[in-house]
Amino acid sequence: MENKINQIRTEAIEKIEKTTNLKELEEVKNQYLSRNSEFNNLKKSMKDLTPEQKPVIGALINKVSNELNTLVAQKNDLFYKKELNEKLLKEKIDITMDGDYIPLGHVHPLTRTVNEIVEIFNHLGFSLINPEFSPEVELEKFNFDLLNVPKEHPARDVQDTFYCANLPNVVLRSQTSNAQARQMINSNPPIKIISPGRVYRNESVSARKNNLFHQIEGLYVDKDVTMAQLKGVLNEFIRLYFGSSRPTRYRSSFFPFTEPSVEIDVECIMCKGKGCSVCSGSGWLEILGAGMVDPNVLKGVNIDPETYSGFAFGMGVERLAMLKYAIDDIRLFFNDDEKFLKQF
Ligand SMILES: [Zn+2]
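First residue of the sequence shown: 297, per our numbering; consecutive thereafter.
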């Protein structure tokens, strides 16, 4: 039996030495050290030995078993490191290779315009409205009633405003002014907020009009707010937005929620007032509607018009972006045309 063990030992050592990779080593290991190997079967036959032989043979089997396992482990380690090194060499990153081109997206021109306008008004002391006060699906109460829009006013007509089919008195807001009504009913003066957002009108789509567009609404309510402050704020806004002071013109107008109301024109960006196709030859471009908050509106939201006054203004984001970047068709903003969007 001793001879048999030594014979297996010699054979196994020779084969382990000859292996050249992990796979071959695994095969040798299976052949000599697995449960079904000849070597393992010798262990099982130890029960037939005499009591004197048992400890001697047992010790020899253990010794050989340890020796072979150690050799396999050493070889295993060697091959593992070798194969890892080869793999690392083969997979070395070539930093001189051309990279894959991954185009970067960028901010949509309307978002960019909104951000720019909001930043200017932040600078002038207006804070961004809490979005809870500026829902797009709105009750008629906030879109019209509290803004002093009479029941029979044409703006309320289904020709102009989208109503929810199954919910009476619910509309897609036709103006961001709903936010000023909600803000005033939920807080006390001084109030100085700016409220950007989407609005909806039941209009046929053309180069100048879309049934979805964006507005920015501003509101300032405090003691002794005057029309002179309104002019100061809006002239400063125009200077900052267009990059230089431009002549402005305040024309008297009418809105249900302001009294007096004005429309504000800026000298035509394209022709500098000489008259061109963009300004229809007038030399002026209308960019804003504004006015002093109507005392009826203040009363409706429980603010005493004897103590407080305020001004409000609203502007179309698309129009301001079109004027600044000389864009002649509002539909370009909504068409997802990459050629157009890439210019910004
Ligand atoms: Zn012009």
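For every residue, glycine included, the Cβ atom is placed at its ideal position computed from N, Cα and C. Fair warning: this is a prediction, and the values are worked out from it, not measured in the lab.
Residues of its chain near residue i, where Cβ-Cβ distance is below 7 Å and the 5 sequence neighbours each way are ignored
i	result
Leu367	Ile309 and Ile312
Pro450	Asp456
Lys339	Ile357
Leu463	none
Asn631	none
Lys371	Ile312, Thr315 and Leu321
Asp625	Ala503
Cys564	Cys572, Val574, Cys575, Gly579, Trp580 and Leu581
Lys570	Gly579
When the options are compared against residue i, the one with the closest alpha-carbon
i	options	result
Tyr537	Ile487, Ser502 and Ile413	Ile413
Pro485	Thr554, Ile599 and Ser423	Ile599
Phe422	Leu356, Glu448, Thr306 and Phe607	Phe607
Gln471	Asn482, Leu463, Val445 and Pro464	Val445
Glu298	Asn332, Glu602, Gln349 and Lys325	Gln349
Ser278	Lys595, Gly596, Leu637 and Thr522	Residue numbering for the chain in the displayed model covers 297 to 640; residue 278 lies beyond these limits and cannot be assessed.
Ser473	Arg452, Val495 and Arg542	Val495
Phe306	Asn337, Glu582 and Leu364	In the sequence as displayed, the identity of residue 306 is Thr instead of Phe. Ranking Asn337, Glu582 and Leu364 by Cα distance to Thr306 puts Leu364 first.
Phe636	Asp453, His402 and Ser548	His402
Leu443	Ile481, Val352 and Gln525	Ile481
Phe609	Lys447, Asn426, Gln525 and Lys371	Gln525
Gly493	Trp580, Ser430 and Asn317	Ser430
Phe509	Thr407, Pro601 and Gly539	Thr407
Leu420	Asp624, Leu530 and Phe640	Leu530
Phe458	Lys447, Arg478 and Glu432	Glu432
Ser670	Asp394, Asn302 and Thr392	One cannot answer for residue 670 here, as it falls past the ends of the chain, which runs 297 to 640.
Glu634	Arg452, Pro399 and Val454	Pro399
Residue i: CB within 7 Å of a non-hydrogen atom of ligand 1
i	result
Cys564	yes
Val574	yes
Gly610	no
Gly421	no
Cys460	no
Gly579	yes
Gly571	yes
Beta-carbon proximity list for residue i, same chain, < 6 Å, skipping 5 on both sides
i	result
Phe533	Ile416
Tyr516	Lys488, Gly606 and Phe607
Val574	Met566
Val562	Ile534, Arg542, Thr544, Leu581 and Ile583
Asp518	Pro485 and Pro486
Residue i, buried or exposed, once every other Cβ within 10 Å from all chains shown has been counted against 16
i	result
Glu387	exposed
Cys460	exposed
Pro405	buried
Ile409	One point to set straight first is that residue 409 is Thr, not Ile, in the sequence displayed. Thr409 should be labelled buried.
Lys319	exposed
Leu594	buried
Glu621	Inspection of the sequence shows that residue 621 is occupied by Tyr rather than by Glu. That one is exposed.
Lys568	exposed
Asn326	exposed
Arg547	exposed
Met256	Residue coverage of the chain in this structure runs from 297 to 640, which leaves residue 256 outside it and unanswerable.
Sequence-distant residues of the same chain with beta carbon closer than 8 Å to residue i, five excluded per side
i	result
Gly354	Met342
Val324	Ala308, Lys311, Ile312, Thr315 and Val368
Asp520	Ser605
Glu246	Past the boundaries of the shown model lies residue 246; the chain is included only from 297 to 640, so the question cannot be answered.
Glu334	Ile304 and Tyr328
Lys300	Leu338
Leu345	Met297 and Ile353
Val613	Leu406, Thr409, Val410, Ile413, Pro492, Phe509, His510, Gln511 and Ile512
Asn641	This structure gives no information on residue 641, because the portion of the chain shown stretches from 297 to 640.
Val597	Leu442, Ala477, Met480 and Ile481
Closer than 8 Å to chain B by CB, residue i
i	result
Arg547	Here there is only one protein chain, and chain B is not present.
Q.
Across the region 377-392 and the region 611-626, are there enough close Cβ pairs to call them in contact, namely three or more that are closer than 8 Å?
A. Not touching, per the Cβ criterion.
Q.
For the region 498-510 against the region 431-446, do three or more pairs of beta-carbon atoms, one drawn from each stretch, fall closer than 8 Å, so that the two count as touching?
A. No, the region 498-510 does not touch the region 431-446.
Q | Cβ contact check for the region 549-564 and the region 587-597: 3 or more pairs under 8 Å | A | The region 549-564 vs the region 587-597: in contact.
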